[in-house]
Every structure is written in structure tokens, then in C-alpha cells.
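Engineer:
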Amino acid sequence: MSSPSMAAQHPPLTGAARVFGTLALSAATFMNVLDTSIANVSLPAIAGDMGVSPVQGTWVITSFAIANAIGVPLTGWLTQRIGQVRLFLSSVLLFVLASWLCGLAPNMTTLIAFRALQGLVAGPMIPLSQTLLLTSYPPAKSGMAMAMWSITTLVAPITGPLLGGWITDNISWPWIFYINIPVGLVAAGATWLIYRERESVTRKLPIDAVGLALLVIWIGALQLMLDKGKELDWFASQQIVAYAIIAAVGFALFLAWELTEEHPVVDLSLFARRNFWVGSVTLAVAYGLFFGNVVIIPLWLQQYMGYTATQAGMVMAPIGLLAIVLTPVVGLTMNRVDPRLYATLSFIFFALVLWLRSHFNTQADFATILLPTIIQGIPMACFFVPLVTITLSGIPPERIPAASGLSNFMRITAGAMGTSISTTLWENRATLHHAQLAEAIHPGNPVAMQTLSDLQASGLTHEQALGVVNNLATQQAFMLSTQEIFYGSAVLFLALIGMIWFAKRTHGDAGADAAGAH
Numbered sequence: 000m001s002s003p004s005m006a007a008q009h010p011p012l013t014g015a016a017r018v019f020g021t022l023a024l025s026a027a028t029f030m031n032v033l034d035t036s037i038a039n040v041s042l043p044a045i046a047g048d049m050g051v052s053p054v055q056g057t058w059v060i061t062s063f064a065i066a067n068a069i070g071v072p073l074t075g076w077l078t079q080r081i082g083q084v085r086l087f088l089s090s091v092l093l094f095v096l097a098s099w100l101c102g103l104a105p106n107m108t109t110l111i112a113f114r115a116l117q118g119l120v121a122g123p124m125i126p127l128s129q130t131l132l133l134t135s136y137p138p139a140k141s142g143m144a145m146a147m148w149s150i151t152t153l154v155a156p157i158t159g160p161l162l163g164g165w166i167t168d169n170i171s172w173p174w175i176f177y178i179n180i181p182v183g184l185v186a187a188g189a190t191w192l193i194y195r196e197r198e199s200v201t202r203k204l205p206i207d208a209v210g211l212a213l214l215v216i217w218i219g220a221l222q223l224m225l226d227k228g229k230e231l232d233w234f235a236s237q238q239i240v241a242y243a244i245i246a247a248v249g250f251a252l253f254l255a256w257e258l259t260e261e262h263p264v265v266d267l268s269l270f271a272r273r274n275f276w277v278g279s280v281t282l283a284v285a286y287g288l289f290f291g292n293v294v295i296i297p298l299w300l301q302q303y304m305g306y307t308a309t310q311a312g313m314v315m316a317p318i319g320l321l322a323i324v325l326t327p328v329v330g331l332t333m334n335r336v337d338p339r340l341y342a343t344l345s346f347i348f349f350a351l352v353l354w355l356r357s358h359f360n361t362q363a364d365f366a367t368i369l370l371p372t373i374i375q376g377i378p379m380a381c382f383f384v385p386l387v388t389i390t391l392s393g394i395p396p397e398r399i400p401a402a403s404g405l406s407n408f409m410r411i412t413a414g415a416m417g418t419s420i421s422t423t424l425w426e427n428r429a430t431l432h433h434a435q436l437a438e439a440i441h442p443g444n445p446v447a448m449q450t451l452s453d454l455q456a457s458g459l460t461h462e463q464a465l466g467v468v469n470n471l472a473t474q475q476a477f478m479l480s481t482q483e484i485f486y487g488s489a490v491l492f493l494a495l496i497g498m499i500w501f502a503k504r505t506h507g508d509a510g511a512d513a514a515g516a517h
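The numbering of the sequence shown is numbering that gives the first Met the number 0, which starts it at 0 and goes up by one.
1) For a test of the three-state rule: what should DSSP assign to Arg356, helix, strand or coil?
2) Under a Cβ-count criterion, where at least 16 other Cβ atoms within 10 Å of its own Cβ denotes burial, should Val490 be classed as buried or exposed?
3) Quick one: is Phe477 buried, meaning 16 or more other Cβ sit within 10 Å of its Cβ, or exposed?
4) Count the other CB atoms within 10 Å of the CB of Gln222; is the residue buried (16 or more) or exposed (fewer)?
5) Would you mind working out which of Thr167, Asn470, Leu493 and Thr130 sits nearest Ile394, comparing C-alpha positions?
6) Which residues in the same chain have their Cβ closer than 6 Å to the Cβ of Pro317, if we skip the five residues on either side of it in sequence?
7) Let's see if you can read the secondary structure: which residues bound the alpha helix (DSSP H) around Met304?
8) Return yes when the Cβ of Thr167 is within less than 8 Å of the Cβ of Ala44, no when it is not.
9) Measuring only the C-alpha atoms, how far is Thr35 from Ala64?
10) What would DSSP say about Phe234, mapped onto helix, strand or coil?
11) Let me confirm a value: Asp232 is counted as buried when at least 16 other C-beta atoms fall within 10 Å, else exposed. Which label applies?
12) Once you ignore the five residues that flank Pro3 on each side, which residues in its own chain have a CB closer than 6 Å to its CB?
13) Please go through the same chain and pick out, in chain order, the residues whose beta-carbon is closer than 6 Å to the beta-carbon of Ala464, but skip the five residues on each side of it.
14) How far does the alpha helix (DSSP H) with Cys101 in it extend, from its first residue to its last?
15) Should Arg335 be labelled buried (16 or more other beta-carbon atoms within 10 Å of its own) or exposed?
16) Could you tell me whether the Cβ atoms of Ile499 and Thr388 are closer together than 8 Å?
17) Reducing DSSP to helix, strand and coil, say where Trp425 ends up.
18) Return the residue from the list Met145, Leu340 and Gly228 that minimises the CA-CA distance to Ser419.
19) List the endpoints of the continuous alpha helix (DSSP H) containing Ile65.
20) I'd like to know if the stretch 318–337 and the stretch 480–490 are in contact, where contact means that at least 3 CB-CB pairs between them fall below 8 Å.
21) Asn31 lies in the alpha helix (DSSP H); which residues open and close that run?
22) In whole angstroms, what separates the C-alpha of Leu269 from that of Arg195?
23) My output table needs one value for Ala579: the three-state DSSP class, helix, strand or coil.
24) In chain order, which continuous runs of the alpha helix (DSSP H) of length 4 or greater are located wholly inside the stretch 114–183?
25) Can you give the Cα-Cα distance for Ala519 and Ala220, rounded to whole angstroms?
26) Among Thr473, Asn106, Leu405 and Trp148, whose alpha-carbon lies nearest the alpha-carbon of Ala68?
27) Once DSSP output is grouped into helix, strand and coil, what is the label at Ser52?
28) Give me, in chain order, the residues of the same chain whose beta-carbon lies closer than 7 Å to that of Ala474; leave out the 5 immediate sequence neighbours on both sides.
29) Out of Met49, Val59, Val32 and Trp172, point me to the one whose CA is closest to Ser128's CA.
30) Span of the alpha helix (DSSP H) holding Pro445?
31) For Met416, does the three-state DSSP call read helix, strand or coil?
32) How would you call Phe234, buried or exposed, if buried means at least 16 neighbouring beta carbons within 10 angstroms?
33) Taking the alpha helix (DSSP H) that Asn334 belongs to, which residues open and close that run?
34) Determine the closest residue to Arg202 out of Gly82, Gly118, Trp174 and Met147, with distance taken between C-alpha atoms.
35) Between Pro442 and Met448, what straight-line distance do the alpha-carbon atoms span, to the nearest angstrom?
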């Protein structure tokens, strides 16, 4: 067994080994992130085949999210017991097994159970793919390593609904899970061939059973609150209030326990590092804002602009084009440019994109809606790599898995919160705007009366004419609400610029710092 210092001294990979290692780790990451969103569009088909309501069908998403949120922060602790390479391989192979079982599930109960298993074993995969990739490159090129990794993390959530919809429409929904099998087996095989001699140090740590139990309780309650809040009308529901209380009390007890435990299941002492907490909090908030808006756009297009799912997908698809082109450039220049400058540029462009979207109206054509999506590739390229570099700067190699796991947990949780908050605000503001617009339809408003008169003259009854006007009011109400969400998000992105400058400049070579070489 090697010592921590020896574990840190594995030489970087070279040539074909580095290329195939990068591809294998990226493929596993892509498969993992894809599965967080691929099932969303298939829910009606799954619920129909299983003979359950669409509401019950949402547990296919919820069970994965809860289990995944529990699995991610355990990465550091599990790595110390099992080793980075063995844990990553186990995670990938168990994910493949769980995917196969999901496709075979005979009823909704077993599908939910297998999705939970899939989410749990997926937990360590993303942080460890990040860690192993950093060990594969020399310190000066670790920015490039993070660039390669971040492309998969950015493109997969957008690809998921497109691929899931196509598979469901043209083959059948179990294949959204079966496609993981060949990808996972190839990724695991290549990883074993390339990394088997690069295992990290392991220690027989005692199991922090109390910390683990508290982690499961508070994360489970928080995820249930976020997933079920909109459906149950948030805090008007006693069930949601109960989830919130359990999450808050569980979190407080978890903090108190983990900060005093000798071998904590989650290493909270990382927050004593300024760059870690600034980087991980900024990344989490920015990702929550980004993901909340990514969810709103297709909903608005399909429900109120008459777009089909495929057309809405076409609007979102180019989001990754500029990101794929520019991310390697950011990675290559990471050791020469202050990552705080790149993060600032990212937030300015995100704000610009959202400001452009805040000027959409119901007459906006395809090209108008597409333009901000294309521009969004620029901030996406400058987003992950600098913030991950800041977050992991100066952290010793043996603590990178714990740091990566904790920061990824915060990012994933923020994504769930961003989705819940944005969709709830979107609908609440639309309800308010609809009520205000409805107040304007009265006999004293000549425009409203003329519109009703024209509709009735075209052959509609008075009730039908009112129905048409009500639909127009609903469309405009959601348009106004959409504009507000975009504008508010733009302001928040600009506010985040101030936060990123609380981070200390990474010393000397930023990429080397990220790799934990200093």
C-alpha cells in the first residue's frame, strides 16, 4: 500500500494513454449526467406502460435525485476506504447493472427502487472522474483537463431530453436505460486498463454511522421538499412543512456532529479554506440560476408559443456549440489568466444572454429566440473550468476527492433548488399578471369590447370569444412572467461577480493549484 505522498507522485499520463483515459472518464461522466435528465421527457410513456398516474411517475426522477445527492458527498470517505480507481470502477459497473435492471423493471415500485440504486452508485462517479483526470495531466495542463471534463457536464443535461424523447418515440422507453450498458462497459474497461496501476492510498477508517444516518435524513427530506413542493403548493401543505422541519433540524444536527467527529463521513473542514467556500458557493448559485432558466425556456416554448418538443429541443441544442469550441481555449490559457477574470467574463455574458431573453415577446420568431442560445456558449466555456480551478486550488491531492464530492453535491442540490424556485416563481407571477390583465376586460375598455365584438362577428359565441381572450391573457401573463425571471436572473449573475473576487488569486500556475500540486 502506498503512502499519501507516493499516491500524489504518479507521473502524468502521456500520448494515447492520456487521450483514451480522458475519453473513458468523460464517457462515464456524460452517461451519468445524461441520466439525470433523460427520463424527464419519457415519464408519460413510463407512467402509461406501468399503469400509474403521471404524478406517481415523477418518483422515477425523485428517487434518482435523492439517492444521487446522498452518494456524491460520501465520495471522499469512500475513496479513503476503497481507493480512487477501485471506487470509480465499482461505481461505473454498478451503474451499468442498475441501468439494465431499470430497463427490465416489471412495475413502478421496482423501477423506483432500481433508479434509487442507480442514483446512489452514480454519486462518486463525477467527483472521481474529475480527480483521476487531474492526475492524468501535468500541472500546467490541468486547466485543459478540466476543460475536457466540463464539456461533457455542460452538454449532457441538454442532450438528455432530446435523446430521451427520440428513443421513447422511435424505439421504447427501456432503451433510455439500456444505452448506458455499452457506454459504461467500454468506459470501465478502458479505465481499468489505463488506471489500474495508479491506485490511491487507502485507510481502514471507522464508519461514521451517526453522520451517515443524519446525512441520509436531511438530504432526503430536502430533496423531497424540492421535488414535491410545487405539486403540493409548498408551505400550504403540512407534508412540505414537515419535510422542511426535518431537513432543517437534520442539517443542524449533521453540522454539529460532523464538526466534532474524528472521522467524519463528510469533511466539512474544507470550508475553512477561503477559495473552496467562495468557489463552491459561487459555482452552486450560478449553476442553480443557469439550470432554472434552462428548464423555463422549453416549458414556455411548448406551452405558450406553440412549439413541439422537437422544435424546443432545436432551440436549446446550439447552446453547446461555442462552448465546445471555446472551452479548450480557456483550458489552455488557464495557467496564464486569472480564473477570477474568466468567471467575471462568464457572468457578464450570462447576464447579457438573459437580458436579451427578457426582451422576448409573443411575436418573437425562431431566429430571435435562437440568438441568445448561441451566444450562451461563450459564458458556458468560461464557467466550469475557472470556478473548479478556484475551488480546488491549494488542496492536497489526497483531499481532492472529498473536495470535489462536496462541491459537486452543492452544485447538484443548487440545480434542484434552481428548478423548483424558478418554476414556482414563473407560475406565481403568471397568475398575478393574469389577474391584472383580466381586470382590464370590462365594458369601459373599448379595445376589449371591440376584440370581443370582432370574435363574435367571426362566428364565435360570447362564451367562446371570452375563452379566446382568456387564452390570450394567459399567454401574455406567462410572457411577462418569463421576462421577469430572465431579467431577475441577469441581475443575480451580475451580483455574483462581486462574490468571486473574495477568492484569493491562485498562486503561480492556476492549473497546478487545481491539481493539488502545491
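Glycine included, every Cβ here is placed at the ideal spot set by N, Cα and C.
A quick note: this is a predicted structure, and the numbers were derived from the prediction, not measured.
Structural biologist: Let me spell this out:
1) helix
2) exposed
3) buried
4) buried
5) Thr130
6) Thr372 and Ile373
7) Neither: Met304 is in no alpha helix (DSSP H) and is coded neither H nor E.
8) yes
9) 7 Å
10) helix
11) exposed
12) In this prediction, Pro3 has a pLDDT of 38, which is less than 50 and means its spatial position is unreliable; what the coordinates show is noted afterwards. Contacts found: Val200 and Glu397.
13) Leu451, Leu454 and Gln455
14) Gln83 to Leu103
15) exposed
16) no
17) helix
18) Gly228
19) Trp58 to Gly70
20) no
21) Gly14 to Ser36
22) 28 Å
23) Coverage of the chain is limited to positions 0 through 517, which leaves residue 579 absent and any answer about it impossible.
24) 124–135, 141–169 and 174–177
25) No information on residue 519 is available, as it lies outside the stretch 0 to 517 that the chain covers here.
26) Leu405
27) coil
28) Before going on, a small fix: residue 474 reads as Gln here, not Ala. Excluding sequence neighbours, Gln474 sits near Tyr303 and Thr361.
29) Val32
30) Pro445 to Ala456
31) helix
32) exposed
33) That residue, Asn334, is in no alpha helix (DSSP H); it is neither H nor E in DSSP.
34) Gly82
35) 6 Å
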